[in-house]
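Note sheet for the following structure.
There are 2 protein chains.
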Amino acid sequence: MRYPNRIVIREVSPRDGLQGEPTAISTDDKVRLVDLLSASGVERVNATSFVSPRAVPQMADAEQVMSRIERRAGVVYDVSVPNQRGAARAVEAGADAIMVFVDASDEGNRRSVRRSTEESLAEAERLIAETRARGVAVAGTVGMAFGSPYEGRIAPERVVRMARRMVAAGAGAIALGDTTGEASPRQVAELISAVLEALPGVDLGLHFHDTRGLGMANVLAAMDAGATRFDASVGGIGGNPFLHNAAGNICTEDLVHMCEEMGIATGLDLDVLVEANRFLESLLGRPLPGKVAHAGRSRVPQILETA
Amino acid sequence: MRYPNRIVIREVSPRDGLQGEPTAISTDDKVRLVDLLSASGVERVNATSFVSPRAVPQMADAEQVMSRIERRAGVVYDVSVPNQRGAARAVEAGADAIMVFVDASDEGNRRSVRRSTEESLAEAERLIAETRARGVAVAGTVGMAFGSPYEGRIAPERVVRMARRMVAAGAGAIALGDTTGEASPRQVAELISAVLEALPGVDLGLHFHDTRGLGMANVLAAMDAGATRFDASVGGIGGNPFLHNAAGNICTEDLVHMCEEMGIATGLDLDVLVEANRFLESLLGRPLPGKVAHAGRSRVPQILETA
Numbered sequence: 001m002r003y004p005n006r007i008v009i010r011e012v013s014p015r016d017g018l019q020g021e022p023t024a025i026s027t028d029d030k031v032r033l034v035d036l037l038s039a040s041g042v043e044r045v046n047a048t049s050f051v052s053p054r055a056v057p058q059m060a061d062a063e064q065v066m067s068r069i070e071r072r073a074g075v076v077y078d079v080s081v082p083n084q085r086g087a088a089r090a091v092e093a094g095a096d097a098i099m100v101f102v103d104a105s106d107e108g109n110r111r112s113v114r115r116s117t118e119e120s121l122a123e124a125e126r127l128i129a130e131t132r133a134r135g136v137a138v139a140g141t142v143g144m145a146f147g148s149p150y151e152g153r154i155a156p157e158r159v160v161r162m163a164r165r166m167v168a169a170g171a172g173a174i175a176l177g178d179t180t181g182e183a184s185p186r187q188v189a190e191l192i193s194a195v196l197e198a199l200p201g202v203d204l205g206l207h208f209h210d211t212r213g214l215g216m217a218n219v220l221a222a223m224d225a226g227a228t229r230f231d232a233s234v235g236g237i238g239g240n241p242f243l244h245n246a247a248g249n250i251c252t253e254d255l256v257h258m259c260e261e262m263g264i265a266t267g268l269d270l271d272v273l274v275e276a277n278r279f280l281e282s283l284l285g286r287p288l289p290g291k292v293a294h295a296g297r298s299r300v301p302q303i304l305e306t307a
Numbered sequence: 001m002r003y004p005n006r007i008v009i010r011e012v013s014p015r016d017g018l019q020g021e022p023t024a025i026s027t028d029d030k031v032r033l034v035d036l037l038s039a040s041g042v043e044r045v046n047a048t049s050f051v052s053p054r055a056v057p058q059m060a061d062a063e064q065v066m067s068r069i070e071r072r073a074g075v076v077y078d079v080s081v082p083n084q085r086g087a088a089r090a091v092e093a094g095a096d097a098i099m100v101f102v103d104a105s106d107e108g109n110r111r112s113v114r115r116s117t118e119e120s121l122a123e124a125e126r127l128i129a130e131t132r133a134r135g136v137a138v139a140g141t142v143g144m145a146f147g148s149p150y151e152g153r154i155a156p157e158r159v160v161r162m163a164r165r166m167v168a169a170g171a172g173a174i175a176l177g178d179t180t181g182e183a184s185p186r187q188v189a190e191l192i193s194a195v196l197e198a199l200p201g202v203d204l205g206l207h208f209h210d211t212r213g214l215g216m217a218n219v220l221a222a223m224d225a226g227a228t229r230f231d232a233s234v235g236g237i238g239g240n241p242f243l244h245n246a247a248g249n250i251c252t253e254d255l256v257h258m259c260e261e262m263g264i265a266t267g268l269d270l271d272v273l274v275e276a277n278r279f280l281e282s283l284l285g286r287p288l289p290g291k292v293a294h295a296g297r298s299r300v301p302q303i304l305e306t307a
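Line order of the protein sequences matches chains A and B. Heads up: the first sequence runs through residues 1 to 307, numbered per full-length UniProt numbering. Heads up: the second sequence runs through residues 1 to 307, numbered per full-length UniProt numbering.
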């Protein structure tokens, strides 16, 4: 297997992590989470989303979060938006970059935003061009890129075509989202190879969920296929609030720990991430799925002494 | 990455899975679990262990379990033993094969059996020779092969030397145990390569724990390095009862599901495994860590309709 010397982790716990939480999190606590992540050395944070407060009540304070977080030099604070109205709010609020997503699954896209994939893609093209014209970077996410519960597998050609159109419209980066946790390692490698072949040198991010226990195995297969950018969330929280049992993102601490063990640089400080995990666990009042925050680093005796 | 066309899964939930459970499981329920696993199509079951009932009370009924399980043709029912007395009991009880283990970590081995690695290895050599002389197969497990919380990493040469001695004594198979979940993918590949180079053609099993979230990633790296035999437990239960937070084995259903998605044959029936998961969850009265039994197969709409 081939592994990169370095990967870039995008922290999505403030947005993908919290959006499905049923109890309201205060703006103060969201700001504290983002600031803790910045302090961990992360290069990119998905800070919030500019969506309808009716659709996702947890993100109703997106403007306040953006105005109150500490903007560390070198950290890109991106935000997710579902449409042009959201993009305009995000630009106004000072986001460094905007993430627009379109599901490769027609039915999945309809259930999320009541439009076909083609309708959303056309809107995304306009959104990307307009946002770029205002001097703000845009990344395009192809959601359900590895399959959906409705249509089954998605043809790689469909994903490649969507990515190509978003890049042509001005997207500076592409992300492939395994929204409902359908991906498996062989398929991950195949889709990444197809995208990298069609769009050589594209800035490609991978967004996996651990729905069926394959999150970290998919990361490994993705690295072997040439990917170096991964979304992850503290504690492995997260999941689409419109889906039952979508399970969390891959866990940031566990990913950083794996990389440390493998000699792959991430730039993140595991101790600060564990602190962020403790903060989130106390905030949400339950143990989170991430393992390293509980088990500790490999080969450290403490795990035996606390029995 | 290279993947095999087929892997062999050894089911360890009746032994490694249950041994650390604090509440007594009835012999009837243990027998039902083993029989369910046999019905799933598994080729090899780690049915019980012949240890001191004082050390591991849960395994006190090893003889009764062995006498009451249904012995399906084609299934190897192996048992774990810590010493020659256990091996004699196991042979008497009709085990198809005996697993003897020695920890590569001196301190780990002392804490388990109050002997140095060298003392246990010498006893294992005698045990292997005597058991083989009685016509019963023996496999040697090198525990803590990937590191321990006491000494840190274990030199691959030490593991290779232990494996070589057990094979020379008559062990028909070798397993590498990541007893406390220290392994990471690059190291997994390196150690497997070292063992396969030193002992070409050896029947090599891998026993991973998911302590730090790397169980399935380690399986993937192991496959790429040429391994085709893996231990796993229904629901991902298990862990050394003497260790705090040792976390479960990799989950059988999740592994089988991954293999199905990747076109790797296992011979196991996922539906029967999910039934075994349900049985274990009701027996233990808590949700188990395995994911697929809850999320269902990939790309199946049911997971959305039950929200």
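Every residue, glycine too, gets a C-beta built ideally from N, C-alpha and C. Note that the structure is predicted; figures quoted are calculated from it, not measured.
Inter-residue Cα distance where the pair is residue i and residue j
i: residue 227 of chain A; j: residue 206 of chain A; result: 8 Å
i: residue 229 of chain A; j: residue 297 of chain A; result: 23 Å
i: residue 96 of chain B; j: residue 109 of chain B; result: 26 Å
i: residue 306 of chain A; j: residue 300 of chain A; result: Note on residue 306 of chain A: pLDDT 38, under 50, position unreliable in the model; no value is reported.
i: residue 187 of chain B; j: residue 155 of chain B; result: 11 Å
i: residue 315 of chain B; j: residue 167 of chain B; result: Any question about residue 315 of chain B goes unanswered here, given that chain B covers just 1 to 307.
i: residue 3 of chain B; j: residue 203 of chain B; result: 17 Å
i: residue 295 of chain B; j: residue 218 of chain A; result: 17 Å
i: residue 170 of chain A; j: residue 125 of chain A; result: 8 Å
i: residue 285 of chain A; j: residue 165 of chain A; result: 43 Å
i: residue 46 of chain B; j: residue 115 of chain A; result: 52 Å
i: residue 123 of chain A; j: residue 83 of chain A; result: 7 Å
i: residue 236 of chain B; j: residue 288 of chain B; result: 7 Å
i: residue 281 of chain A; j: residue 26 of chain A; result: 15 Å
i: residue 183 of chain B; j: residue 157 of chain B; result: 16 Å
i: residue 244 of chain B; j: residue 113 of chain B; result: Reliability of the predicted coordinates at residue 244 of chain B is poor, the pLDDT of 49 falling under 50, and the value obtained from them is presented with this limitation in mind. C-alpha separation (whole angstroms): 17 Å.
i: residue 303 of chain A; j: residue 147 of chain B; result: Unreliable positioning characterises residue 303 of chain A in this predicted model, as indicated by a pLDDT of 47, which lies under 50. The coordinate reading is nonetheless provided below. Their backbone Cα atoms lie some 14 Å apart in a straight line.
i: residue 216 of chain A; j: residue 28 of chain A; result: 31 Å
i: residue 222 of chain B; j: residue 70 of chain A; result: 43 Å
i: residue 101 of chain B; j: residue 199 of chain B; result: 18 Å
i: residue 118 of chain A; j: residue 103 of chain A; result: 10 Å
i: residue 191 of chain A; j: residue 160 of chain A; result: 8 Å
i: residue 292 of chain B; j: residue 90 of chain B; result: 34 Å
Selected residue, minimal CA-CA separation from residue i, among the options
i: residue 233 of chain B; options: B/168, B/58, B/34; result: B/34
i: residue 57 of chain B; options: B/85, B/73, B/18; result: B/18
i: residue 141 of chain A; options: A/178, A/157, A/225; result: A/178
i: residue 290 of chain B; options: B/267, B/171, B/213; result: B/213
i: residue 106 of chain B; options: B/151, B/48, B/275, B/99; result: B/151
i: residue 37 of chain B; options: B/63, B/13, B/68; result: B/13
i: residue 9 of chain B; options: B/84, B/267, B/173; result: B/267
i: residue 276 of chain A; options: A/149, A/30, A/88; result: A/30
i: residue 49 of chain A; options: A/42, A/59, A/274, A/55; result: A/59
i: residue 271 of chain B; options: B/264, B/133, B/254, B/283; result: B/254
Where residue i meets chain A, residues with beta-carbon distance less than 9 Å
i: residue 261 of chain B; result: 182, 183, 184, 185, 186, 187, 212, 214
i: residue 247 of chain B; result: 291, 294, 295
Where the beta strand (DSSP E) containing residue i begins and where it ends
i: residue 162 of chain B; result: Here residue 162 of chain B belongs to no beta strand (DSSP E); instead the alpha helix (DSSP H) covers 156-169.
i: residue 140 of chain B; result: 137-143
i: residue 218 of chain A; result: No beta strand (DSSP E) contains residue 218 of chain A, which is instead part of the alpha helix (DSSP H) from 215-224.
i: residue 11 of chain A; result: 8-11
i: residue 231 of chain B; result: 229-232
i: residue 24 of chain B; result: Per DSSP, residue 24 of chain B belongs to no beta strand (DSSP E) and is neither H nor E.
i: residue 324 of chain B; result: As shown, chain B starts at 1 and ends at 307. That puts residue 324 of chain B outside it, with no answer to give.
i: residue 247 of chain B; result: Careful: residue 247 of chain B lies outside any beta strand (DSSP E) and carries neither H nor E.
Residues that residue i contacts on chain B, provided the C-beta gap is smaller than 7 Å
i: residue 257 of chain A; result: 212
i: residue 224 of chain A; result: 1
Residue i: contacting residues in chain B (beta-carbon distance under 8 Å)
i: residue 217 of chain A; result: 216, 217, 219, 220, 258
First through last residue of the alpha helix (DSSP H) which encompasses residue i
i: residue 37 of chain A; result: 27-39
i: residue 257 of chain B; result: 252-262
i: residue 192 of chain A; result: 185-198
Chain A contact residues for residue i, given Cβ-Cβ distances below 8 Å
i: residue 153 of chain B; result: 299
i: residue 312 of chain B; result: Because chain B is modelled from 1 through 307, residue 312 of chain B falls outside the range shown and cannot be assessed.
Distance cut-off 7 Å: residue i Cβ against heavy atoms of the ligand NAP
i: residue 36 of chain B; result: Questions concerning the ligand NAP fall outside what the structure shown contains, since it holds no ligand whatsoever.
Residues that residue i contacts on chain B, provided the C-beta gap is smaller than 9 Å
i: residue 77 of chain A; result: Per Cβ cutoff of 9 Å: no residues; residue 77 of chain A is ~27 Å from chain B at best.
i: residue 254 of chain A; result: 212, 213, 214
Q: With a floor of 4 residues, list each alpha helix (DSSP H) that falls wholly inside the segment 264-307 of chain B, ordered by position along the chain.
A: 270-284, 292-295, 302-305
Q: At 3 residues or longer, and completely inside the segment 44-126 of chain B: list those beta strand (DSSP E) runs for me, N to C.
A: 44-49, 76-81, 97-103
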